[in-house]
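Step one of this worksheet: look at the structure below.
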Amino acid sequence: MSSLTLLSCGVAASTAPNQAQANAQGDALMKIYRHDVLYWAITRFLRPWFVKLMGADAQVLDQLGAEDRALVDDLIVGMNPSSARAAGAAFDNQAAMPNARIAGIRAPTLVVHAADDSLQLFHNAESALAHIPNARLLRFEHGGHLVLPVERQAIRAAVAAQLRQKR
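When we follow the working numbering, the leftmost residue of the sequence shown carries the number 333, and every step to the right adds one.
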């Protein structure tokens, strides 16, 4: 592998008080994804609540331009039928964190994370940076777990630079 990009990833277990809330959000998402009609109804009629559950503040959506807002909408709508993603959501939510085992990663690694992500807390980015040799952090203050559509131009440029660097 010539390069690795970690986007809002979970890599480290935590006993921090806000981790319980993040776990509860993951549990709720896992349940919602199992039921296509429930997912559709929630994302159609309770979109701000769902976005918050997904780890992004409602203000994140308010600050997006039309093109970026459409990208978020496409992401959420494109997850239908959600039941096809339920097993992946369960794995994301319940798998044991790799913790220090990530030190075995040797590829140059770009860690992209928003400090306000309430689903995958920022300590994950800090842990990745501390354990992965040759890792660098692209930190954003806002964007939550939807940091990609929020900061897509900056992320696109950083990933392109990461890929060029290894050539």
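No residue lacks a Cβ here, since even glycine has one placed at the ideal position from N, Cα and C.
Cβ shell of residue i (< 6 Å), same chain only, five flanking positions each side left out
i    : result
L403 : P481
D448 : H474, G476
M362 : A421, A422, N425
D400 : P481
E483 : F472, G475
CB of residue i within 9 Å of CB of residue j, strictly
i    : j    : result
H455 : S340 : no
R471 : A462 : no
L385 : L451 : yes
I487 : A467 : no
A344 : N431 : yes
A428 : I464 : no
V383 : L393 : yes
Q357 : G387 : yes
S335 : Q485 : no
Closest Cα partner of residue i within the set the options
i    : options                : result
T375 : L495, S414, L451       : S414
F423 : A354, D359, F382, R401 : D359
A373 : R488, A432, A489, V409 : V409
Q497 : V369, A388, A439, Q391 : A439
T347 : D406, L453, Q494       : L453
D406 : A390, R379, A460, Q395 : R379
G342 : E483, L396, S459, Q395 : S459
Three-way DSSP call (helix, strand, coil) for residue i in this model
i    : result
C444 : Sequence check: residue 444 is Val here, not Cys. If DSSP states are grouped into helix, strand and coil, V444 belongs with the strands.
L378 : coil
L407 : helix
A467 : strand
F423 : helix
L461 : helix
L339 : strand
7 Å Cβ shell around residue i - same chain, five flanking residues per side excluded
i    : result
V491 : T337, L442
R417 : Y365, M411
M333 : A439
Neighbourhood of residue i by C-beta distance below 8 Å, restricted to the same chain and skipping five residues each side
i    : result
H367 : S414, S415
W381 : I374
Heavy atom of the ligand NAD within 8 Å of residue i beta-carbon
i    : result
G420 : Of ligands this structure carries none, so the ligand NAD is not represented either.
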